[in-house]
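Okay, structure first, notes after.
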Amino acid sequence: MYEPKYKPLLSRADFYRRIAAHLAVALALMAFSIIMGMAGYMITEHMPALDAFLNVSMLLGGMGPINPLTTAAGKLFAGLFALYAGLVFIVCATVVMAPVLHRVLHHFHISDKT
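Residue numbers (my numbering): -15 to 98.
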């Protein structure tokens, strides 16, 4: 996917396109996570869409749910979604930072073996 160390750095325009593509992937993952999380809260806790969105956003942001959970299914969903949200945060941060880190390492010609 990325150019090897013996090839020159990408032009700035190509690098910005690469960053935009990575941002699009991260945003798509976040949008998918928000939609699935909202559906989970709406089904298991019978929350309105706005409350479900707030709870999902807080979980994905690392803050925790807002509304108290009343059903066993809702509590199970919230726990599993919280674990998933932690991984999504790490994956999105990695996907967004990968082109920048690659460019820095490529600039200094640091191989993958060291």
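Positions of the beta carbon are idealized from the N, C-alpha and C atoms, including for glycine. Since the structure is predicted, the reported quantities are computational estimates derived from the model, not experimental observations.
{"query": "Enumerate in chain order the residues of its own chain whose CB-to-CB distance from Ser41 is below 6 Å, with the five nearest sequence positions on each side excluded.", "result": "none"}
{"query": "Could you check which residue in Leu60, Leu89, Ala82 and Ile74 has the C-alpha nearest to that of Ala4?", "result": "Ala82"}
{"query": "Could you please give the first and the last residue of the uninterrupted alpha helix (DSSP H) stretch that includes Pro83?", "result": "Ala56 to His91"}
{"query": "Kindly indicate which residue of His93, Pro52 and Leu67 has the alpha-carbon position closest to the one of Gly45.", "result": "Leu67"}
{"query": "If you draw a straight line from the alpha carbon of Val79 to that of Leu71, how long is it in whole angstroms?", "result": "12 Å"}
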